[in-house]
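Visitor:
Numbering (our numbering), first residue to last: 2 to 149.
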């Protein structure tokens with residue numbers, strides 16, 4: 002559809018979908034959550050929309066997993082946004098108290114590195130978990146080379 006309606010080649014369509022959609026496409030500003038949070042704080046409506054759509058998407062996936070698994074023992078926030086996005090984590094967990102998912106706002110704001118950010122009354126543990134993608138790739142490469 003993108004190729005047909007936009008009269009694009011395959012390469013152009015892939016570039017548009019991969020580099021100009023998502024948060025950048027919704028906001029018209031940036032694909033970086035930090036930039037969008039700042040712009041939203043300054044009243045930029047499209048930045049607010051992009052963040053709201055992002056949080057809603059994460060919440061939809063979380064809800065799907067909760068239903069499929071019949072509950073959850075742990076929620077782990079990882080990666081750049083998960084590790085550094087206290088506001089995003091708070092928005093994702095907002096209103097989930099009835100499901101036993103209760104974020105500790107103070108622990109969430111203070112989280113640095115690996116940290117538990119759930120409230121004492123939370124039935125699910127909520128963690129910030131740093132990731133090291135380079136280390137994971139190196140380890141997997143090493144394992145593949147050992148098999149050869």
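Cβ atoms here follow ideal geometry from the backbone N, Cα and C, with glycine treated the same way.
Where are the beta strand (DSSP E) runs, 3 residues long or more, that stay fully inside the region 14-57, in chain order?
Guide: Within the region 14-57, no complete beta strand (DSSP E) run reaches 3 residues.
Visitor: Starting from residue 75 and walking both ways along the beta strand (DSSP E), at which residues does that stretch end?
Guide: 75-78 is the extent of the beta strand (DSSP E) around residue 75.
Visitor: Going straight from the alpha carbon of residue 130 to that of residue 78, what length do you get?
Guide: Spanning the two alpha carbons is a distance of roughly 6 Å.
Visitor: Which word fits residue 137, buried or exposed, when buried means at least 16 other C-beta atoms lie within 10 angstroms of its C-beta?
Guide: By the neighbour-count rule (16 or more Cβ atoms within 10 Å), residue 137 is not buried but exposed.
Visitor: Output yes or no for whether 8 Å exceeds the beta carbon distance between residue 67 and residue 90.
Guide: Against a cut-off of 8 Å, the Cβ pair of residue 90 and residue 67 comes out as no contact.
Visitor: Tell me whether residue 29, by its Cβ, gets closer than 7 Å to a heavy atom of the ligand HEM.
Guide: Ligands are entirely absent from the displayed structure, and the ligand HEM is therefore not among its contents.
Visitor: What three-state label does DSSP hand residue 82 in the structure shown?
Guide: Residue state, collapsed to three classes: helix.
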